[in-house]
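The block underneath contains the structure these notes are about, expressed in structure tokens.
Okay, structure coming up:
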């Protein structure tokens, strides 16, 4: 089955700096790669996603890149703000719709 | 309107008891899921139903039994609760298929077994 690894487990950045989270997946059949943000006491919420036929996608301060050959995908947050502090999860979805999550990255943005 | 709602939000119960968590989605999705989030925040899929049919059943003790009365509801019943069952349980829904779509999550049910 699919195995998703995520690094780093914690990330502390100064406000205004960039944050990068990296993930790898094992199943070459996976075709959909969402990123979720989980704030304290809430459920995960989608912030951006990318499909296997696209290499890069951007939405304001957030961008995601996908390297299908290497089975890598990354989340980039630019100009970080205190409200970006949360746990971020990468995930990979296979053709059966099974969503497999990475272990999560605790991002702390310090003013 | 809440897209995916689960009840209760908090559940404290004694070992050995039986409890249920309910989930409903009003998004018209055909697939619903239960995830368990442990104390280290790791999200692990437990079950998935597509059009009321069980399609994913991970290695979960038989004490956990999902029930889907219709496409919009997926409930989770847990028998003989154990201390290790303490976790946050999330319900989610999505459209399943070759073009997988965003999974929407409920707010979670924090289960504490004492």
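Residue numbers (the working numbering), protein chains in the order written: chain A, -14 to 96; chain B, 22 to 135. Don't be surprised by glycine CBs; every beta carbon is placed ideally from N, CA and C.
Touch test, the region 125 to 134 of chain B against the region 34 to 48 of chain B, Cβ-Cβ under 8 Å, three pairs minimum: yes
Considering only the beta carbon of each residue, do residue 95 of chain B and residue 56 of chain B sit closer than 8 Å? no
Reduced DSSP secondary structure (H/G/I, E/B, other) of residue 34 of chain A: strand
Which residue or residues does DSSP assign as beta-bridge partners of residue 133 of chain B? B:33
Going by beta carbon distance, what residues of the same chain come within less than 7 Å of residue 78 of chain B, once the five residues before and after it are set aside? 68
Which residues in chain B sit within 7 Å of residue 74 of chain A, going by Cβ to Cβ distance? 64
Taking a cut of 9 Å between CB atoms, which residues from the region 12 to 44 of chain A lie near chain B? 16, 17, 19, 21, 23, 26, 27, 28, 29, 30, 31, 34 and 36
Quickly, what does DSSP pair residue 47 of chain A with across the bridge? List them, please. A:44 and A:62
Short of 7 Å Cβ to Cβ, which residues in the region 120 to 132 of chain B face chain A? 121, 123, 124, 126, 127, 128 and 129
DSSP three-state assignment for residue 104 of chain B, whether helix, strand or coil: helix
Run the proximity test for residue 103 of chain B: is its beta-carbon closer than 7 Å to any non-hydrogen atom belonging to the ligand MG? Among the components modelled here there is no ligand, and therefore nothing to report on the ligand MG.
Residues in the region 92 to 112 of chain B with C-beta within 8 Å of chain A's C-beta atoms, listed in sequence order? 111
Measuring alpha carbon to alpha carbon, tell me which of B:105, B:104, B:122 and B:97 ends up nearest residue 129 of chain B. B:97
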